[in-house]
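A short worksheet on the structure shown next.
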Amino acid sequence: MKITIMGTGYVGLVTGACLADVGHQVFCFDINREKIQQLLQGQVPFFEPGLAQIIKRNVSQRLFFSDDFLQSLNYADVIFIAVGTPPNGDGSADLQYVLGLAEQIGSHITDSKIIVTKSTVPVGTAEKVKQVVDQQLEVRGLTVNVEVVANPEFLKEGAAVADFMRPDRIVVGVESESTKQVMSEIYAPFNRNHNRMMFMEVKAAELTKYAANAMLATKISFMNDMANLAERLGVDIEQVRLGIGSDHRIGYHFIYPGCGYGGSCFPKDVKAITQTARQAGSPLTLLETVDQVNQKQKQALFNKLNQYFAGELSGKVIAVWGLAFKPKTDDMREAPSRQLMEQLWQVGATVKAFDPEAMAQARLIYEGSLKLTLVDNPYDALVEADALVICTEWAVFRAPDFEQMRQLLRQPVIFDGRNIYDPHAMACLGFHYYAIGRGK
Ligand code: UGA
503 MKITIMGTGY VGLVTGACLA DVGHQVFCFD INREKIQQLL QGQVPFFEPG LAQIIKRNVS
563 QRLFFSDDFL QSLNYADVIF IAVGTPPNGD GSADLQYVLG LAEQIGSHIT DSKIIVTKST
623 VPVGTAEKVK QVVDQQLEVR GLTVNVEVVA NPEFLKEGAA VADFMRPDRI VVGVESESTK
683 QVMSEIYAPF NRNHNRMMFM EVKAAELTKY AANAMLATKI SFMNDMANLA ERLGVDIEQV
743 RLGIGSDHRI GYHFIYPGCG YGGSCFPKDV KAITQTARQA GSPLTLLETV DQVNQKQKQA
803 LFNKLNQYFA GELSGKVIAV WGLAFKPKTD DMREAPSRQL MEQLWQVGAT VKAFDPEAMA
863 QARLIYEGSL KLTLVDNPYD ALVEADALVI CTEWAVFRAP DFEQMRQLLR QPVIFDGRNI
923 YDPHAMACLG FHYYAIGRGK
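The structure is reproduced here in structure tokens:
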């Protein structure tokens, strides 16, 4: 099938590449010419395992990139919208890019189209897109049949290709039978063995996306709150985690305590849905607290450091391992490492940091900062550092050379925001080891 994807950001690019890889003909449009040029040469603007290979093997055969809007519009009858929906000042999602595209589509189409919203968009957006397109058609005096489908993605950064290829579910909010058929055909290659397609009402699909992220964020904040209590009570939260995860109704997923959730999705989506709820007169009080707990949790590492050094952090050198908001990505959006480093700088400390993938991002964000030194390997960060803080649980940090670490650090102190080591083993190795919810 022929498919057009508008927007080659994270979601659009993964979607386009994976659809092409199973044999569809995919035309990806973006207004950013430089990005299009890079993509044509097989360069991916961000790190995502497996994506570059997929693009390389499909580009110019089944996968096309262009900044020519009209060409992309005329290429296919199915148009995926995958542009950004950044947060407004009040936390709600800014729809200017989505609706801007809808306006352009309405001003240029001549035959019927299926428009699929892939970006995470507030409930009612598909309806708005349809209105905007129809308004333009009316101005042009045309009657063209346009249906808008809500098809949210559930991709995890760092595992997006695998998630797309082997989805838990494919949620499609759709009205007509004929469009259902088209969507089934598009997703048929990912729907083998058992049926993963879930057709539902358009608004239900839009809300499903937010509800899923909200539930996951709630699990994390719940666990972080519980970890803080465990710490006070002298209980090891890791034992509690295993104790509750074994209950099938609770499960082991997403109950890892840590230094707070980050990324481009959870913080933004939790805020957006709570904003929608307030506007709808049905506030999501629980979720508002989830967000507050997370903001507090992102200060946990700083507070522990501050306590350890009795408020004397000025002039201290702090080593940071892990800058990305989670492993297997170079994304530092809303990463706990950022809050920590910025708080440290405010009180006069400096940071030496290492991340396996996010160094270029860090350079971009903190360009010219004299308080941040980026080093090429984890051990260089420890040289003359007063303490080590672990912000991201990259695999390479899991079994380091502890002896070397102890020798390099000025003081053998580790603050672990991801609970990757065993406290007893660390004590035996001579470290002062502070983790999340594992005793004082
Ligand atoms: C999340 C969802 O998992 C995807 O299903 C969804 O499609 C995506 O948002 C989106 O809306 O686009 P992602 O943000 O890539 O995916 O990352 P996650 O793996 O969900 O992690 C989010 C944050 O939660 C990370 O900072 C991670 O460290 C933290 N986390 C996760 C914990 O602190 N504890 C846990 O037990 C699990």
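In my numbering, the protein residues as written are 503 to 942.
Each residue gets a CB set at the ideal place from its N, CA and C atoms; glycine is no exception.
The three-state secondary structure of Ala578, taken from DSSP, is coil.
At a Cβ-Cβ threshold of 7 angstroms, Thr778 and Glu790 do not count as neighbours. A Cβ-Cβ separation of about 12 angstroms leaves Leu876 out of contact with Ala821 under the 8 angstroms criterion.
Relative to the ligand UGA, the nearest heavy atom lies less than 6 angstroms away from the CB of Gly764.
Around the Cβ of Cys761, a 10 Å sphere holds 16 or more other Cβ atoms; the residue is buried.
Measuring C-alpha to C-alpha distances from Ser594 to each of Val663, Asp771, Gly764, Met503 identifies Asp771 as the nearest. Judged by DSSP secondary structure, Cys761 falls outside any alpha helix (DSSP H); it is assigned neither H nor E.
Taking 7 angstroms as the cut-off, the Cβ atoms of Phe567 and Leu542 count as close.
The Cβ atoms of Arg900 and Ile922 sit closer than 7 angstroms to each other. Scanning the stretch 592-640 for uninterrupted beta strand (DSSP E) segments of 3 residues or longer gives 615-619, listed from N- to C-terminal end. Secondary structure of Tyr754 (DSSP, three-state): coil. For Met702, the pairing in a beta bridge is given by DSSP as Gly675. Distances taken from the Cβ of Asn715 to the heavy atoms of the ligand UGA include one shorter than 6 angstroms.
Contact between the stretch 782-796 and the stretch 815-833 is not established, with fewer than three Cβ pairs separated by less than 8 angstroms.
Within the stretch 643-675, the beta strand (DSSP E) runs of at least 3 residues that lie entirely inside it are, in chain order, 648-652, 672-675. Burial state of Asn726 is buried, judged by a 10 Å Cβ sphere holding 16 or more other Cβ atoms.
It is roughly 15 angstroms from the alpha-carbon of Asp665 to the alpha-carbon of Asn715.
Separation of the CB atoms of Gly765 and Asp833 is rounded to 6 angstroms, and the pair is thereby assigned contact status at 8 angstroms. In this structure, Thr831 is the residue among Leu825, Thr831, Ile938, Gln909 with its C-alpha nearest to the C-alpha of Gly660.
Rounded to whole angstroms, the separation of the alpha carbons of Arg751 and Tyr758 is 16 angstroms.
Between Glu703 and Glu677, the alpha-carbon positions lie close to 7 angstroms from each other. The ligand UGA never approaches Glu740 closely enough for any of its heavy atoms to be under 6 angstroms from the residue's Cβ. For Met834, there is no enclosing beta strand (DSSP E), as DSSP marks it with neither H nor E. Here the stretch 799-808 does not lie against the stretch 648-658, with fewer than 3 beta-carbon pairs under 8 angstroms apart. Going by DSSP, Ser568 is part of the beta strand (DSSP E) stretching over 565-568. A residue is called buried once 16 or more other Cβ atoms fall within 10 Å of its Cβ, and Met843 is buried on that count. In this structure, the straight-line span from the alpha carbon of Leu866 to that of Asn534 is close to 19 angstroms. A straight-line Cα-Cα distance of about 18 angstroms links Asp523 and Met508. Within the same chain, and ignoring the five residues on either side of Arg912 in sequence, the residues whose Cβ sits closer than 7 angstroms to its Cβ are Glu886, Ala887, Asp888.
Take Asp613, set aside five residues on each side of it, and the residues of its chain with a beta-carbon closer than 7 angstroms to its own are Val646, in chain order. Rounded to whole angstroms, the gap between the alpha carbons of Asn730 and Gln845 is 20 angstroms. Taking non-hydrogen atoms of the ligand UGA into account, the C-beta of Cys893 is found less than 6 angstroms away from none of them. The nearest non-hydrogen atom of the ligand UGA is 6 angstroms or more from the C-beta of Ile752.
Straight-line spacing of the CA atoms in Ala802 and Ile739 works out to 15 angstroms. Exclusion of the five residues before and after Asn879 leaves Phe856 as the residues of its chain whose Cβ lies within less than 8 angstroms of its Cβ. Bounds of the beta strand (DSSP E) holding Trp823 are 819-823.
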